[in-house]
Amino acid sequence: MSVLRPLDKLPGLNTATILLVGTEDALLQQLADSMLREDCTSELRVHLANSLPLPSTVARPRIDLIVFVINLHSKHSLRKVEESLHHVDATFFLGKVSFLVTGAGRESHCSIHRNTVVKLAHTYRSPLLFCDLEIEDFRATMAQRLVRMLQICAGHVPGVSALSLLSLMRISENPSLEDL
Amino acid sequence: MDETVAEFFRRTILKIPMTEMMTILKAWNFLSENQLQTVNFRQRKESLVQDLVLLCQEKHASLNDAALLDIVYTQFHRHQKVWDVFQMSKGAGGDTDLFDMEQFKNSFKKILQRALKNVTVSFRDAEENAVWIRIAWGTQYRKPNQYKPAYVVYYSQTPYAFTSSSQLKSNLPLLAQTFETHNSTTPLQERSLGLDINMDSRIIHENKIEKERVQRVTQEIFGDYPQPRLEFAQYKLETKFKSDLNGGILADREEPLRCLVKFSSPHLLEALKSLAPAGIADAPLSPLLTCIPNKGMNYFKIRDK
Chain A
378 MSVLRPLDKL PGLNTATILL VGTEDALLQQ LADSMLREDC TSELRVHLAN
428 SLPLPSTVAR PRIDLIVFVI NLHSKHSLRK VEESLHHVDA TFFLGKVSFL
478 VTGAGRESHC SIHRNTVVKL AHTYRSPLLF CDLEIEDFRA TMAQRLVRML
528 QICAGHVPGV SALSLLSLMR ISENPSLEDL
Chain B
145 MDETVAEFFR RTILKIPMTE MMTILKAWNF LSENQLQTVN FRQRKESLVQ
195 DLVLLCQEKH ASLNDAALLD IVYTQFHRHQ KVWDVFQMSK GAGGDTDLFD
245 MEQFKNSFKK ILQRALKNVT VSFRDAEENA VWIRIAWGTQ YRKPNQYKPA
295 YVVYYSQTPY AFTSSSQLKS NLPLLAQTFE THNSTTPLQE RSLGLDINMD
345 SRIIHENKIE KERVQRVTQE IFGDYPQPRL EFAQYKLETK FKSDLNGGIL
395 ADREEPLRCL VKFSSPHLLE ALKSLAPAGI ADAPLSPLLT CIPNKGMNYF
445 KIRDK
């Protein structure tokens, strides 16, 4: 079955693997580069995919965190992410999935409403991050954040688990989201 | 300076839009920086043109200099012309002739001047081994008409030449002959669409195979070389409302529904070509978009069958 499961493989020693799923290669590549520039005690690996399911031909380590990248300028990117979500096992959504939305800065180019992605993230009980990936400084900050999240999800930070991180992030969200 | 040449200068400079005046004059590179600085570019266009023509006269500009200015203007406004393209078939000559641009220009000019009594031929080199040739035709008894020149753009490393003019048709065989002696036998340079795969081994592309498929499909449809320059395409759709459910106001409507979609871009076909590789659309693209160069159309009416 081509569904991604969080615990179906043994972890690699000191390895943390993130899977970035999005249609626009240029954005994913840049984000991956930014992440790998971070100083990190864990061995980082970044897998880039346009959509799920992943091809079965590639051997891959256990995936610790999936980030779905949606570009508000492209309905195509949203559609591909929505289709890909069906190939992720429900247990992944216990803190090991996040949504990253780019393009909000240029409102005139947006063809997806902000509320659409807010609802999507809420449906899947996962954090929603906004960042204009095309701007280097914002991208570097987001990369830092993702590396921290990744380390937690890989279990490399003592005392903090993916699930506890999820609860922490949810408290800081706007409480009115619960009304949606 | 001859009256006709002065008039030619005047009319050529007058053609240039004020916004491009400085750029084109600089590209022409005949009037020096110092000379250009002595002219007031803020005055009315007619007065400006008069000043510039005076400068040219002081510098003893020739008809050839005026022709060069005309070429520069046309290079900036190449999209306003209609171009025909000719492909030369290989002649039975040596395989490894090295192309000498100067020699080509010399013999090209000589051949035309020998064949036609009154003709002005000017050359200007351009990017990528291209040479722009301007030809003003006359007749046996009349001087060349400088206001209806023909242009030939020849890319020396290729068998292609582009021509633009209405008067050219009758003189085509002559031009073709002129080229025959200077066939370039260098094969077209191959360009490969390599994938930009990151060297960092910590980044793994899961969809390499799919990416290669997209590149391949894009290359099959669009080819390797730059697309023709097109700025917009328009699609008009007329269709009656179709629905699975019976009835409804729209289903009863006699008038078809109308929709107009217009795509515009500084370089529409290149933009379409980059859609699938950039991940913005699936490959292959809709045939409605990809048929534009084949059909030579960019206005489409789509109706129900």
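Residue numbers (this note's numbering), protein chains in the order written: chain A, 378 to 557; chain B, 145 to 449. A virtual CB, placed ideally from N, CA and C, is assigned to each residue, including glycine.
Query - chain A residues whose Cβ lies nearer than 7 Å to that of aspartate 344(B) - result: Correct list: Leu413.
Query raised in the report: Which runs of the beta strand (DSSP E) fall wholly inside the segment 415–451 of chain A and span at least 3 residues, in chain order?
Result: Those beta strand (DSSP E) runs which fall completely within the segment 415–451 of chain A and span 3+ residues are 420–426, 442–448.
**Report entry** Chain-ordered chain B contacts of asparagine 427(A) [CB-CB under 7 Å]
**Finding:** The contacting residues are Asn351, Glu354, Gly423.
Report task. Using only alpha-carbon positions, find the residue among Leu260(B), Val226(B), Ile277(B), Lys225(B) that is nearest to glutamate 246(B). Result -> With distances taken between CA atoms, glutamate 246(B) lies nearest to Ile277(B) out of Leu260(B), Val226(B), Ile277(B), Lys225(B).
Query raised in the report: From what residue to what residue does the beta strand (DSSP E) around valine 296(B) run?
Result: DSSP places valine 296(B) inside the beta strand (DSSP E), whose first and last residues are 294–299.
**Report entry** leucine 433(B) to leucine 416(B) span [Cα, whole Å]
**Finding:** One C-alpha to the other measures close to 8 Å.
Query raised in the report: For the segment 487–509 of chain A, which residues have a beta carbon sitting closer than 7 Å to at least one beta carbon of chain B?
Result: For the segment 487–509 of chain A, no residue has a beta-carbon sitting nearer than 7 Å to a beta-carbon of chain B.
Query raised in the report: tyrosine 379(B) bridges to which residues according to DSSP?
Result: Beta-bridge pairing links tyrosine 379(B) to Val405(B), Phe444(B).
Query - Option nearest asparagine 262(B) by Cα separation, candidates Asp269(B), Thr283(B), Leu412(B) - result: Ranked by how close their Cα comes to the Cα of asparagine 262(B), the residues Asp269(B), Thr283(B), Leu412(B) have Thr283(B) in first place.
Query - Cutoff 8 Å: histidine 463(A) Cβ touching any chain B Cβ - result: False, the Cβ-Cβ gap to chain B never drops below 8 Å.
Requested in this report: Ignoring anything shorter than 3 residues or poking outside the segment 454–511 of chain A, list the beta strand (DSSP E) runs there in chain order.
Outcome: Runs of the beta strand (DSSP E) inside the segment 454–511 of chain A: 474–479, 505–507.
**Report entry** Nonlocal neighbours in the same chain, by C-beta distance under 7 Å from glutamine 201(B), ignoring five residues either side
**Finding:** Counting only Cβ-Cβ distances below 7 Å, and skipping sequence neighbours, we find Met145, Ala150.
Query raised in the report: I think isoleucine 424(B) touches histidine 453(A), with their Cβ atoms under 8 Å apart; what is that distance to the nearest whole Å?
Result: That pair is a contact at about 6 Å.
Query raised in the report: Less than 8 Å separating the beta-carbons of proline 438(A) and lysine 473(A)?
Result: In this structure, lysine 473(A) does not lie closer than 8 Å to proline 438(A) by Cβ.
Query raised in the report: Of all the CB atoms in chain A, is at least one closer than 8 Å to the CB of isoleucine 347(B)?
Result: Contacts with chain A at 8 Å (Cβ-Cβ) include isoleucine 347(B).
Query - Endpoints, beta strand (DSSP E) assigned at tryptophan 281(B) - result: Residue range 274–281 is occupied by the beta strand (DSSP E) that includes tryptophan 281(B).
Requested in this report: Just mark histidine 349(B) as buried or exposed, buried being the case when its beta carbon has 16 or more other beta carbons within 10 Å.
Outcome: So histidine 349(B) ends up on the buried side.
Query raised in the report: Ends of the beta strand (DSSP E) at phenylalanine 306(B)?
Result: In the DSSP assignment, phenylalanine 306(B) falls within the beta strand (DSSP E) that extends over 304–308.
Query raised in the report: Does the distance from the CB of serine 419(A) to the CB of asparagine 391(A) come in under 8 Å?
Result: For serine 419(A) and asparagine 391(A), yes; Cβs fall inside 8 Å.
Requested in this report: Compute the Euclidean distance between the alpha carbons of valine 446(A) and alanine 171(B), then round it to the nearest angstrom.
Outcome: Straight through space, the alpha carbons of alanine 171(B) and valine 446(A) are spaced by roughly 46 Å.
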